[in-house]
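What follows is a single structure, written as structure tokens, with notes after it.
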Amino acid sequence: MLMDLFDRLFPINRSITGNGVRESLRILGESVPIELREYKTGTPCFDWEVPKEWNVRTAYVKDSHGRKLIDFADNNLHLMGYSVPFQGIVSREELMAHLHTRPDLPNAIPYMMSYYKENWGFCIEHDRLGEFTDDSYEVYIDADLEDGFMTIGEGYLPGATEEEILLSTYVCHPSMAINELSGPLVQTAVYRYLAQRGGLKYSYRFLYVPETIGALLYLSQHGERMKSKVAAGYVVTCTGHGESFTYKKSKRGDTLADKAAIHVLKQSGKPYEIVEWNPFGSDERQYCSEGFRLPVGSLMRTMYDKYPEYHTSLDNRTLISEEALQETVQMYIDIIETLEANETYTCLHIYGEPKLDKRGLYPYTGGNRTEEQKRRIAAITNLIAFSDGKRDLIDIAEKLGVVGSTLHEPALALEQCGLLRKIDRFSFDLAVSQIG
Amino acid sequence: MLMDLFDRLFPINRSITGNGVRESLRILGESVPIELREYKTGTPCFDWEVPKEWNVRTAYVKDSHGRKLIDFADNNLHLMGYSVPFQGIVSREELMAHLHTRPDLPNAIPYMMSYYKENWGFCIEHDRLGEFTDDSYEVYIDADLEDGFMTIGEGYLPGATEEEILLSTYVCHPSMAINELSGPLVQTAVYRYLAQRGGLKYSYRFLYVPETIGALLYLSQHGERMKSKVAAGYVVTCTGHGESFTYKKSKRGDTLADKAAIHVLKQSGKPYEIVEWNPFGSDERQYCSEGFRLPVGSLMRTMYDKYPEYHTSLDNRTLISEEALQETVQMYIDIIETLEANETYTCLHIYGEPKLDKRGLYPYTGGNRTEEQKRRIAAITNLIAFSDGKRDLIDIAEKLGVVGSTLHEPALALEQCGLLRKIDRFSFDLAVSQIG
Amino acid sequence: MLMDLFDRLFPINRSITGNGVRESLRILGESVPIELREYKTGTPCFDWEVPKEWNVRTAYVKDSHGRKLIDFADNNLHLMGYSVPFQGIVSREELMAHLHTRPDLPNAIPYMMSYYKENWGFCIEHDRLGEFTDDSYEVYIDADLEDGFMTIGEGYLPGATEEEILLSTYVCHPSMAINELSGPLVQTAVYRYLAQRGGLKYSYRFLYVPETIGALLYLSQHGERMKSKVAAGYVVTCTGHGESFTYKKSKRGDTLADKAAIHVLKQSGKPYEIVEWNPFGSDERQYCSEGFRLPVGSLMRTMYDKYPEYHTSLDNRTLISEEALQETVQMYIDIIETLEANETYTCLHIYGEPKLDKRGLYPYTGGNRTEEQKRRIAAITNLIAFSDGKRDLIDIAEKLGVVGSTLHEPALALEQCGLLRKIDRFSFDLAVSQIG
């Protein structure tokens with residue numbers, strides 16, 4: 001059950017660095033191999049660099065009677081991410097300058113952080129501001145913000161080719177459910193499925209990174225290689241909530257990643273929405289930057305910023321479900337199976353139609369046929385008619401209104417009797433991906 | 001009356017070979033010259049070959065009391081097409097293995113055939129199965145299935161150029177009305193119209209072939225020539241039934257055939273539907289195969305497989321009408337007249353508008369005009385503005401919302417006063433057709 | 001108030017030549033400099049030539065009792081434009097051959113002219129035909145139709161570059177309101193705004209020409225220069241009536257003029273309609289002729305021939321309003337400000353996103369933001385993501401759903417900190433305009 005895993009991971013204080021990330025990756029790594037890679041503070045990532053490492057032991061605010069009004073132990077969202085160590089008595093006014101609330105969501109603790117400017121802060125429900133009537137408060141933040149390491153998790157499943165499918169999620173969000181425990185949970189379930197499946201055509205890479213800085217770090221070290229290897233990729237985020245799927249296209253918008261995802265969603269019969277790439281989002285912002293233009297989109301359910309509880313403590317267990325998570329896992333699997341099945345063929349018989357009955361591909365008796373017979377005949381005759389070395393199985397499946405993977409077996413039958421020949425398009429597609 | 005011709009042709013037992021085809025072509029040939037061409041059994045047609053010739057004299061099934069339960073003389077659909085000669089007493093079980101019905105259409109005799117695997121069979125109404133209570137039956141099929149000939153009918157009207165418009169229909173279906181006596185009837189009426197019209201720009205070829213094998217045979221002998229000569233073509237089938245027209249595009253989808261047909265349908269004000277090319281259909285499957293990619297679509301009314309009576313004895317006289325057939329004849333004629341009128345011009349006066357009144361093309365007095373004047377002025381000014389050596393009359397007519405042929409006369413007037421010059425585009429289009 | 005100017009201009013008898021044009025341009029020139037240029041009768045303009053100059057003193061028709069039934073002094077539409085001098089007694093029949101009415105609009109005086117064929121005529125309300133019961137009439141037309149000059153008005157505002165924005169309107173219509181005093185009024189108000197604004201990037205040219213022959217004359221003298229200088233242009237006509245705007249595209253349809261106008265209309269939230277270029281219209285017919293293909297469209301409100309009073313005396317003061325005129329002036333200004341702001345940038349940081357907080361372009365504290373902050377962040381991140389040296393500010397603004405000019409300041413901020421570099425696209429666009 002993914003929700004069991006959820007319950008173990010939810011309370012951990014994750015951030016872009018620190019032991020919470022390591023502990024989360026260790027737990028996820030119990031069912032699939034995830035290697036932890038550590039990068040020193042100051043490591044350059046293009047225009048950025050790896051920040052100091054942050055770890056918190058205790059943090060609270062007490063009133064003049066010694067009552068804890070805010071306690072990090074209750075909810076790690078109470079402490080603003082990357083708050084510096086601090087200890088002292090502060091006036092009400094000074095405290096208020098460090099207190100963050102959401103007047104529009106008065107019972108929510110907002111999610112705040114200050115990664116790149118040293119500061120401290122607490123976040124509470126707006127409704128509770130009335131409790132702060134004292135003139136002075138004790139603030140205690142027992143934390144380390146020091147040179148250390150940033151941790152990235154990485155998994156890899158080798159396939160028949162070195163061309164890769166990339167799945168990338170992020171592990172830097174504390175105690176929120178949709179955004180973002182759903183992503184790591186779904187990605188890990190897909191990873192487990194593929195590890196057990198075997199017989200893969202593509203190789204698969206699974207990244208668990210701190211958002212933005214982790215993707216930048218990874219690109220700074222592997223980006224050039226990725227440009228020649230990544231055939232398709234998806235950022236796995238916000239995968240646990242809502243009736244409808246959301247697919248955000250890659251920046252190029254017409255990559256294999258986009259084609260396969262949109263095809264499978266369309267044929268699934270499930271509700272979905274397509275969103276154009278834009279620079280408000282997750283790590284597709286980095287993967288699709290002009291220097292890389294990787295074929296990376298993002299398959300979500302209700303997406304970030306489109307539900308009211310986004311980036312607050314109300315984004316919790318009640319919003320997600322095992323069923324929604326599993327349905328998303330299955331959609332990722334369907335997309336991947338379509339990518340695995342997808343090939344481009346050329347029909348070798350181009351003068352009129354080939355005679356199919358003598359090859360056992362067509363009934364000898366003409367006339368009325370069963371629906372099953374009609375479907376198979378349609379698959380075979382359409383593969384013959386449209387396999388021109390340019391259209392792939394997905395294109396032909398779109399014409400027929402079926403999922404690409406269902407053409408796998410008929411295509412193999414036609415290949416075996418010499419009517420279709422497979423075209424090697426990987427290198428071609430990747431070449432295009434680098435120029436396009 | 002086409003329905004008189006229908007009544008003479010309907011009872012004849014046609015198949016892909018045999019005397020029924022010859023007799024049908026002879027009757028159609030009474031009003032237009034149709035040459036009969038005979039091809040020997042075994043003649044190769046790419047992946048196929050001409051089958052044996054089939055002719056039936058008698059065929060019946062009698063019960064043990066000598067009563068004829070099924071008789072070919074009643075309806076030639078009762079005998080499965082290409083049934084081998086057979087004579088003998090068979091058990092009920094054996095007979096049932098050779099009996100075909102349509103449980104979903106219990107009062108219909110299905111249309112069945114086994115051209116390429118030797119077998120025999122009978123087809124009856126599903127409702128009549130209860131009559132077969134005896135234990136044994138006498139089966140008698142007095143037929144020839146022997147080396148012989150396959151017959152193709154061909155007509156040709158020479159025009160000013162050797163570029164051809166192709167009309168192709170099929171004459172292999174026994175005793176069914178929509179599919180397929182309507183096609184040969186409509187094609188012959190169009191042929192007659194053009195023979196009487198004279199003064200043709202294009203040459204016209206009319207093929208009457210057995211479906212599939214006949215088109216393959218013709219392509220195997222003339223396909224290379226057709227690639228350089230056929231400017232547009234249509235498969236004439238299912239032309240007698242339904243309120244709405246159906247146009248199935250050529251495989252390339254953007255040929256002159258498609259452009260003219262869709263243009264005329266759109267301007268006709270009649271209901272119509274456009275269907276993409278697909279490999280379920282008639283001889284456009286062969287004409288549009290990758291080795292040829294001819295500019296051949298198909299103008300139909302309600303098309304094959306879209307009416308419940310398709311491929312059964314219920315596809316009979318009650319479903320078609322003289323009116324529907326004649327309306328389809330007229331639509332084919334309108335398309336052809338638009339093709340005849342269609343030309344591409346370049347305007348020779350490109351700096352500002354030419355002065356039209358001094359050439360008698362425009363009224364001297366400005367102000368309000370009659371609708372008739374407005375239409376002529378619109379034709380003339382649009383021809384001048386848009387004749388750029390690329391857009392043809394059909395393109396310009398589309399902008400104006402009129403049928404292309406109505407621009408014929410204004411274009412000639414502009415040509416005569418030196419404002420337009422005709423561009424020879426035939427060779428260009430055909431070159432494209434061979435590459436595209 | 002534009003309506004004050006309207007009241008001074010309305011009674012003047014304008015035509016394609018004559019003192020009415022000069023007087024109108026003198027009045028318009030009171031607030032902006034308009035140079036009057038005179039071209040001699042017979043001056044060639046491609047296929048045309050400058051006609052004789054026409055000036056009218058008096059014109060009337062009297063019945064046999066000496067009562068004036070028609071008097072040019074009442075409404076200058078009563079005299080057909082370019083009527084030759086005439087004096088004499090004519091029969092009722094002869095008079096009727098020279099009398100024009102609109103049976104469909106019986107209380108309207110039609111607007112008629114015969115520029116290029118010598119003739120005389122009077123125009124009256126159809127309802128008044130019953131007054132013509134006498135057998136003979138005195139006709140008196142005291143007019144000059146002699147060799148003289150045609151007058152064109154021209155204004156010019158130099159900007160930082162020689163690339164021009166062209167506004168062109170026509171001053172040849174007598175005593176009608178929508179078509180055409182609204183155009184000269186709106187054009188002059190836009191001209192005044194730009195003269196006062198200063199700091200222009202583009203240079204601006206304002207033409208006040210007699211329709212057709214004036215545009216042809218101007219093109220014959222300046223057309224070649226315009227092909228290399230005009231970046232965008234608009235024919236200003238029919239700008240005073242109706243709820244909805246109408247934009248008629250340039251013939252090329254995808255020029256900068258079209259892009260800016262359609263973008264601003266779309267973002268304005270006001271109702272509008274887009275019309276394809278066609279050769280029924282105003283001087284875009286000449287500017288867009290194949291020899292020039294200038295990027296010239298036309299922004300109107302309810303356009304010519306789309307309101308029943310068109311080209312009659314009913315097209316008068318009651319149909320237009322100060323408010324509608326001013327709203328159109330503002331729409332032209334919005335388009336021009338978007339053209340002024342529009343630039344194309346290349347982002348110089350292409351590997352991942354640049355770090356914005358350290359450049360003061362992004363708040364250090366992450367989490368929830370105000371709408372204002374979100375808008376600015378969206379502007380900045382979209383400019384960075386999409387500035388690829390091909391998309392301009394208008395393209396990026398379209399993605400964001402804002403008007404292009406709002407991206408001006410954020411783009412400058414990004415340029416100043418070295419993240420964006422401006423691309424010089426003028427010469428490129430103009431080169432395309434000459435080829436395309």
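Residue numbers (the UniProt record's numbering), protein chains in the order written: chain V, 1 to 436; chain S, 1 to 436; chain F, 1 to 436. No residue lacks a Cβ here, since even glycine has one placed at the ideal position from N, Cα and C. The structure displayed is predicted, hence computed values, not measured ones.
| Query | Result |
| --- | --- |
| Using 10 angstroms around the beta-carbon of PRO410 (chain F), count the other beta-carbons present and answer buried if the total reaches 16, otherwise exposed. | buried |
| Straight-line CA distance for ILE423 (chain V) to THR346 (chain V)? | 7 Å |
| Based on the DSSP secondary-structure assignment, which residues constitute the bridge partners of ARG205 (chain V)? | V:TYR156 and V:LEU166 |
| Following the continuous beta strand (DSSP E) through ASP71 (chain V), name the residue where it begins and the one where it ends. | 68-71 |
| Return helix, strand or coil for ASP4 (chain V), following the three-state DSSP convention. | helix |
| Is it the case that the Cβ atoms of VAL139 (chain F) and PHE72 (chain F) are separated by a distance below 7 Å? | no |
| Any idea what DSSP makes of ALA97 (chain V), helix, strand or coil? | helix |
| Following the continuous beta strand (DSSP E) through LEU145 (chain F), name the residue where it begins and the one where it ends. | 136-146 |
| Could you check whether PHE46 (chain S) and LEU314 (chain S) sit closer than 7 Å to each other, using their CB atoms as the reference points? | no |
| Does the beta carbon of THR346 (chain F) sit closer than 7 Å to a beta carbon anywhere in chain V? | no |
| Report the residues of the segment 248-259 of chain F with a CB closer than 7 Å to any CB of chain S, ordered along the chain. | none |
| Looking at ARG14 (chain S): is its Cβ nearer than 7 Å to the Cβ of SER24 (chain S)? | yes |
| Taking CB distances under 7 Å as the criterion, tell me whether PRO103 (chain V) reaches chain S. | no |
| Candidates V:LYS270, V:ASP283, V:GLY159 and V:SER298: which alpha carbon is nearest GLU276 (chain V)'s? | V:SER298 |
| Hey, is LEU77 (chain S)'s beta-carbon within less than 7 Å of any beta-carbon in chain V? | no |
| DSSP three-state label for ALA431 (chain V), please. | Model confidence at ALA431 (chain V) stands at a pLDDT of 42, short of 50, so the residue's coordinates are unreliable and nothing is read from them. |
| Between the segment 159-176 of chain V and the segment 203-212 of chain V, can you find at least three pairs of beta-carbon atoms closer than 8 Å? | yes |
| Measure the beta-carbon distance from LEU181 (chain V) to PHE6 (chain V) and round it to whole angstroms, keeping in mind my assumption that it falls under 8 Å. | 6 Å |
| If we define contact as Cβ-Cβ less than 7 Å, is LYS390 (chain V) a contact residue for chain S? | no |
| Measure the CB-CB distance between PRO110 (chain F) and THR312 (chain F) and report whether it falls below 7 Å. | yes |
| With H, G and I counted as helix, E and B as strand and the rest as coil, what does DSSP make of TYR115 (chain S)? | coil |
| Only counting runs of 4 or more residues, tell me where the alpha helix (DSSP H) segments fall wholly within the segment 242-273 of chain V, in order along the chain. | 256-268 |
| Is there contact here, the segment 357-372 of chain S with the segment 268-288 of chain S, by at least three beta-carbon pairs under 8 Å? | no |
| Classify GLY59 (chain V) as helix, strand or coil using the three-state DSSP reduction. | One point to set straight first is that residue 59 (chain V) is Ala, not Gly, in the sequence displayed. Correct three-state label for ALA59 (chain V): strand. |
| So if I threshold CB-CB distances at 8 Å, which residues from the segment 272-289 of chain V count as touching chain F? | GLU276, ASN278, PRO279, PHE280, ARG285, GLN286 and SER289 |
| Tell me which residues share the same chain as PHE386 (chain S) and place their Cβ nearer than 6 Å to its Cβ, disregarding the 5 neighbours each side in the sequence. | ILE396 |
| State the start and end residues of the unbroken beta strand (DSSP E) segment that holds PHE86 (chain F). | 86-91 |
| For PHE46 (chain V), which residues in chain F fall below 7 Å Cβ to Cβ? | TYR351 and GLY352 |
| In whole angstroms, what is the alpha-carbon distance linking ASN76 (chain S) and THR239 (chain S)? | 23 Å |
| Quick check: ILE335 (chain V) and VAL264 (chain V), are their CB atoms within less than 7 Å of each other? | yes |
| So, is the C-beta of ALA379 (chain V) closer than 7 Å to a C-beta in chain S? | no |
| Relative to the alpha-carbon of GLY66 (chain S), which residue among S:ASN119, S:SER136, S:LEU28 and S:VAL84 has its alpha-carbon at the smallest distance? | S:SER136 |
| How would you list, in chain order, the residues of chain V whose beta-carbon sits under 9 Å from the beta-carbon of TYR364 (chain F)? | SER114, TYR115, TYR116, LYS117 and ASN119 |
| Nearest chain S C-beta to GLY291 (chain F) closer than 7 Å, yes or no? | yes |
| Let me check understanding here. Comparing Cα to Cα, which of V:SER268, V:SER244 and V:LEU200 lies closest to LYS306 (chain V)? | V:SER244 |
| Short of 8 Å in beta carbon distance, which residues of its chain neighbour GLU53 (chain S), apart from the five on each side in sequence? Order them along the chain. | THR17, GLY18, THR41, ASP144, LEU145, GLU146, ASP147, GLY148, PHE149 and MET150 |
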